[in-house]
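Comments concern the structure below.
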Amino acid sequence: MVIGIAVIVLVLLGLTFCVIPVVAHRFGEAAERAAETEAIAQGARGGVLAEHRVRFKESAAEMAIPFGIAAVLFALAACDAAGVGAARVLTWIVAAVLLVIGGFVTSGQLRAAQWTAAAFRRSSDPVVRGLDTEAIVSAAAREFPAWLRPLQVVRFLLTTVGLLVVIVALITPSAAAHFR
Numbered sequence: 197m198v199i200g201i202a203v204i205v206l207v208l209l210g211l212t213f214c215v216i217p218v219v220a221h222r223f224g225e226a227a228e229r230a231a232e233t234e235a236i237a238q239g240a241r242g243g244v245l246a247e248h249r250v251r252f253k254e255s256a257a258e259m260a261i262p263f264g265i266a267a268v269l270f271a272l273a274a275c276d277a278a279g280v281g282a283a284r285v286l287t288w289i290v291a292a293v294l295l296v297i298g299g300f301v302t303s304g305q306l307r308a309a310q311w312t313a314a315a316f317r318r319s320s321d322p323v324v325r326g327l328d329t330e331a332i333v334s335a336a337a338r339e340f341p342a343w344l345r346p347l348q349v350v351r352f353l354l355t356t357v358g359l360l361v362v363i364v365a366l367i368t369p370s371a372a373a374h375f376r
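If you're matching positions, the sequence shown starts at 197 in the numbering used here and goes up one per residue.
See below:
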């Protein structure tokens, strides 16, 4: 049963690493246009988002990283389910790395307004520093499907709590028996 829980968490997390970048690729350009329109309405010049590296879209090339992570998670889930001994250790390593790095990255995605505000605060332009980043990020968010935000929260929870569950599950005596 503990192996099943670990496998389910790995598969669900892998699925989030497939779906979210596809949504960002599909809807990101419209989101950036909406955010740029909102920034201009607040008095900023055109191109302010690009100047401050504020992006909401994902290019096809950028999707390679999350797809690669998903492929690793799916492979580990399959090998863990099959009882491949090396997979247990590899899952611990990958889970620990993703827990730290992935937790930081996914929490950042949940705090887009704060990251955007920080980018604008570094600007030498007082108009940019005074922009309402909540309104800009909200304008972008309206262009994405309504279920994207909850899915991002799920990915954060799977990346943090879920991967801790995987690590603990694979430490149990029943997991040890499974991998013999």
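A virtual CB, placed ideally from N, CA and C, is assigned to each residue, including glycine. No experiment lies behind these values; they were computed from the predicted model shown.
C-alpha distance - residue i paired with residue j, whole-angstrom precision
i	j	result
V244	L206	39 Å
P217	E254	6 Å
A226	A220	10 Å
F375	I289	16 Å
Q310	F316	10 Å
E334	I367	For the record, residue 334 in the displayed sequence is Ser; it is not Glu. One C-alpha to the other measures close to 43 Å.
I201	F263	22 Å
F252	G224	5 Å
A371	L272	14 Å
A365	V301	24 Å
L208	L286	18 Å
P247	A240	One point to set straight first is that residue 247 is Glu, not Pro, in the sequence displayed. If you take the alpha carbons of E247 and A240, they lie about 11 Å apart.
P322	V198	55 Å
A378	V362	Since the first residue shown for the chain is 197 and the last is 376, residue 378 is missing from the structure and cannot be characterised.
L222	P369	Note on residue identity: the sequence assigns Arg, not Leu, to residue 222. Those two C-alpha atoms are separated by around 45 Å.
I261	I297	13 Å
Q238	R318	18 Å
V324	E228	16 Å
A274	R249	38 Å
Beta-carbon proximity check, residue i vs residue j, cutoff 7 Å
i	j	result
L295	L359	yes
A313	T329	yes
A292	V203	no
G299	T356	yes
A331	E234	yes
A339	A267	Reading off the sequence, residue 339 comes out as Glu, not Ala. Contact: no.
Range of the contiguous alpha helix (DSSP H) that encloses residue i
i	result
W288	G281 to V293
F316	A308 to R317
R229	V198 to A237
I261	A260 to A278
L344	L344 to L353
T368	Premise fails: T368 is in no alpha helix (DSSP H) and is neither H nor E.
G334	Note on residue identity: the sequence assigns Ser, not Gly, to residue 334. Taken as a continuous stretch (DSSP letters only), the alpha helix (DSSP H) holding S334 covers T329 to A337.
P322	P322 to R325
A246	V244 to E247
Residue i: CB within 6 Å of a non-hydrogen atom of the ligand ZN
i	result
L344	The ligand ZN is absent from the structure shown, which contains no ligands of any kind.
Per-residue burial, residue i [other beta carbons within 10 Å of its own, 16 or more giving buried]
i	result
R284	buried
G242	exposed
I265	buried
G326	exposed
Counting beta carbon pairs with one atom in the segment 331-351 and one in the segment 299-307, are three or more of them shorter than 8 Å? Three or more pairs of CB atoms, one per stretch, sit closer than 8 Å, so the segment 299-307 contacts the segment 331-351.
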